[in-house]
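Per our numbering, residue 165 is the first one in the sequence shown, and the count goes up by one each step.
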Amino acid sequence: MIEHTERRGKSRPQIYATIPGGVIFFSAGMNLAISVGWAKFGMMGTTKHFCNSWLIGVIAGTILSTMLRKFLSKKVLWIISSVLIFTCGLIFTAVPDTYDALLAGRYLSGIGVGLAIVSFIMHASEIAVKKHRGRCLVVEQFSMSLGIAVQMIYTSNWNAEWEFSTYRMHGILEIVLAFLGVAALILFIESPIDQIRWGNDHAALTCYSKLRLIDHHSKEAYDLLSLGKVYVSEEESLSFVENLKRGLLPLVKMLMFRSVVVALCFSLPFSAAFQYSSEKNDTEWVATVAACGRLLGAICVIYLVDSVGRKTTSLLTMFIAGGMLIGLGPLFSSLSSTEDTSNMATATYLCTCMQFAVGYFTPFTSVYLGEAFPLLMKPYFIALCVIAEQLVHIVLISTISVDLSLMDHGIIIAVIFFISCFTMPETKNTTLQEAQRRFRRWFNIGKNY
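Below, the structure is given as structure tokens:
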């Protein structure tokens with residue numbers, strides 16, 4: 165027990181170092197929720213451009229981050245992200261009823277999140293020991309779920325007669341989060357892998373000593389430095405073509421597992437179905453239950469990701485989410501079906517229960533995203549996955565139809581589930597090199613997945 169407590173205590177600096185990024189993704193979760201319909205009084209008063217603006221900003225910020233990372237440190241990128249989120253907050257607070265201003269704020273916030281996401285995934289995967297890497301990486305989607313939950317709860321319970329705008333409330337929260345994000349940088353510790361790549365062994369030793377709570381000149385610190393140098397040396401010795409070959413198959417897997425499934429599980433069509441069915445039965449309160457369920461699912465992952473593992477439970481909850489979307493499809497296939505209160509009650513319960521499964525599933529995508537790719541191509545392949553996810557959202561928003569196509573979304577998830585059962589690896593308690601090796605396999609079945 166004492167040894168376990170000591171190990172857990174030594175892992176805390178690694179987890180604390182991810183908090184600044186977590187604050188940024190809290191903001192991202194709120195803005196994503198607005199994009200998929202949780203704004204003002206439900207979906208009223210929004211346009212497709214308004215929904216897409218933040219997503220386009222994320223794409224622009226992600227592309228920028230792959231270029232700026234060569235000149236700016238991760239810490240500086242996160243400061244810029246917080247400044248952009250703060251600016252968005254000021255706009256929403258000052259002029260909550262001015263459409264063009266809000267649109268500009270949404271773009272700025274999206275760029276801010278895009279600047280942070282690639283560097284965060286890389287950072288969390290590099291600073292953590294293999295026994296705690298999952299817990300560090302889940303911070304991204306856990307924080308997203310927290311932001312989504314907050315946005316769902318306060319917008320669904322907002323009274324239309326109140327003079328205080330939900331957008332002003334959103335702006336105040338953005339300002340608070342921006343300040344917290346900058347303040348939390350006191351916990352930030354640079355990646356020792358970055359320091360090794362820059363040829364600064366002394367700084368790398370300092371990073372290892374802070375992250376593992378060990379003496380700077382101890383044998384353990386020098387052993388960690390040696391392991392880090394071997395990892396960097398092996399990765400940097402690969403040619404561009406070799407890196408591309410090693411990364412393409414994992415990229416295809418992650419485009420399906422992360423980009424497509426995560427977007428389909430919390431989309432504008434899903435939100436439309438949820439809001440309509442709950443309003444039809446005068447049960448708007450269920451949005452609060454669903455939000456809490458999503459958050460509970462994400463909390464469970466924090467404690468289970470490095471003990472239970474990644475593959476089995478993530479696939480199980482993906483299957484549940486896909487099955488529930490397939491079940492929702494027929495309930496919205498015709499006008500007569502949507503007018504049936506019994507059908508809409510069933511739809512409400514399905515949507516509510518589904519959010520626990522989604523909250524549990526999505527953090528695993530962050531973990532896999534940080535483990536899948538070779539070092540030199542990692543930022544670019546992560547960026548491609550992030551961009552693809554936003555593009556799926558944009559397509560769903562721009563092509564939303566009366567029948568919502570929820571069954572189609574569920575079938576797509578079911579197909580990806582079937583493929584993932586044979587192709588996705590189990591990476592619990594593996595080094596990054598071993599995790600990447602498993603991702604490069606076409607099939608991962610059997611004892612070692």
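Beta carbons are placed, not taken as given, at the ideal position from N, Cα and C, and that holds for glycine.
Here the structure is a predicted model, which is why all the values come from computation and not from measurement.
Under the three-state DSSP convention, the category I609 falls into: coil
Same chain only: Cβ atoms within 8 Å of A436, ignoring 5 sequence neighbours per side: G201, M207, I564, L568
Cβ-based burial, I360 [other Cβ within 10 Å; buried from 16]: buried
Beta carbon of V282 nearer than 7 Å to that of A547: yes
Straight-line gap, G411 to P177 (C-alpha atoms, nearest Å): 30 Å
I576 (DSSP reduced to helix, strand or coil): helix
Assigned secondary structure, V222 (DSSP; H/G/I helix, E/B strand, else coil): helix
Expected contact under 8 Å - CB spacing of M518 and M482 to nearest Å: That belief does not hold up - the Cβ atoms of M518 and M482 are roughly 11 Å apart, past 8 Å.
Three-state secondary structure assigned by DSSP to M508: helix
Run of the alpha helix (DSSP H) containing N407, from where it starts to where it stops: 404-418
7 Å Cβ shell around K542 - same chain, five flanking residues per side excluded: M286
Spatial distance of F256 from I243 (CA atoms): 20 Å
A427 versus Y544, L560, L540, I227, residue with shortest Cα-Cα distance: L560
Inter-residue Cα distance where the pair is F352 and T505: 52 Å
For G276, the nearest candidate out of L492, S229, A265 (CA to CA): S229
6 Å Cβ shell around A368 - same chain, five flanking residues per side excluded: P356, Q359, I360, L389
Own chain partners of T319 with C-beta closer than 6 Å, once the 5 adjacent residues on each side are dropped: W202, T330
Cβ neighbours of Q315 in the same chain (closer than 6 Å, five flanking residues each side left out): M194, A197, W202
Burial state of K409 (16 or more Cβ within 10 Å): exposed
Cut-off 6 Å between Cβ atoms - residues of its own chain near A454, not counting five sequence neighbours on either side: T516, Q519
S431 beta carbon less than 7 Å from that of E553: no
Cβ-based burial, V303 [other Cβ within 10 Å; buried from 16]: buried
Cβ pair F144, P527 closer than 7 Å: This structure leaves residue 144 out entirely; the chain is present only between 165 and 613.
C-alpha gap between L539 and F404, whole angstroms: 11 Å
Three-state secondary structure (DSSP) of E290: helix
The alpha helix (DSSP H) enclosing N195, as first and last residue numbers: 183-199
Run of the alpha helix (DSSP H) containing P433, from where it starts to where it stops: 432-444
Sequence-distant residues of the same chain with beta carbon closer than 7 Å to P184, five excluded per side: W242, G345, A348, L349, L351, F352
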